[in-house]
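Read through the structure below, which is laid out as structure tokens, and then see the notes.
Residue numbers (the UniProt record's numbering): 1 to 124.
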């Protein structure tokens, strides 16, 4: 849907600004200045490209969260292996391990709540 500019005004058109599907031109006529606004139908965004962008963003987010869960579990297992090798672990040595276990459970629970992990898999 474009507005036609009369011939005698078209030669006086100064500049064009476009924003989306709308173009605005200022026109200086012989006696007055006017603004002409043209509207063209907007092109639909490419939904397949948007879906691909969203999928890639979600994939990277999910990959990072799964990696976080695995890393925290690995830290807990390594700390427990160190404690197993000691004949008599002291109470002070258990505090950092308990903290690591709490962080691991927190990461696992967040992954379950977001649907990244199934609830039953955390009990296996």
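Think of the CB as a built atom: it goes at the ideal place given N, C-alpha and C, for glycine as much as any other residue.
### Separation of residue 54 from residue 105, as counted between CA atoms
The residue given as residue 105 occupies position 105 in the chain shown. The residue given as residue 54 occupies position 54 in the chain shown. Residue 105 and residue 54: Cα-Cα distance of roughly 28 Å.
#### Entry: Proximity of residue 107 and residue 51 at Cβ, strictly below 8 Å
Taking the chain shown and counting its residues from 1, the one referred to as residue 107 is at position 107. Taking the chain shown and counting its residues from 1, the one referred to as residue 51 is at position 51. No, the Cβ-Cβ distance between residue 107 and residue 51 is not below 8 Å.
### Query
Buried or exposed: where does residue 111 fall if 16 or more other Cβ atoms within 10 Å of its Cβ makes it buried?
The residue given as residue 111 occupies position 111 in the chain shown. So residue 111 ends up on the buried side.
### Query
If we call anything under 8 Å between Cβ atoms a contact, is residue 43 one with residue 116?
Locating residue 43 in the chain shown gives position 43, where the first residue counts as 1. Locating residue 116 in the chain shown gives position 116, where the first residue counts as 1. The answer is no: Cβ separation not under 8 Å.
#### Entry: Reduced DSSP category for residue 125 - H, G, I as helix; E, B as strand; rest coil
Within the shown structure, residues of the chain are numbered from 1 to 124, placing residue 125 beyond reach of any answer.
#### Entry: Where residue 117 sits in the DSSP three-state scheme
As a first step, residue 117 must be located in the chain shown, where it is residue number 117. Coil.
### Task
State yes or no: is the C-beta of residue 93 within less than 8 Å of the C-beta of residue 83?
In the chain shown, residue 93 corresponds to position 93, counting from 1. In the chain shown, residue 83 corresponds to position 83, counting from 1. Taking 8 Å as the Cβ cut-off, residue 93 and residue 83 qualify as a contacting pair.
### Message
Let's test the definition: count the other Cβ atoms within 10 Å of the Cβ of residue 95 and tell me whether it reaches 16, buried, or not, exposed.
### Response
Stepping through the chain shown from its first residue, residue 95 is reached at position 95. So residue 95 counts as exposed.
### Query
Given residue 103, which residues of its chain have a CB within under 7 Å of its CB, disregarding the five upstream and five downstream residues?
The residue labelled residue 103 in the question sits at position 103 within the chain shown. So the qualifying residues of the chain are 72.
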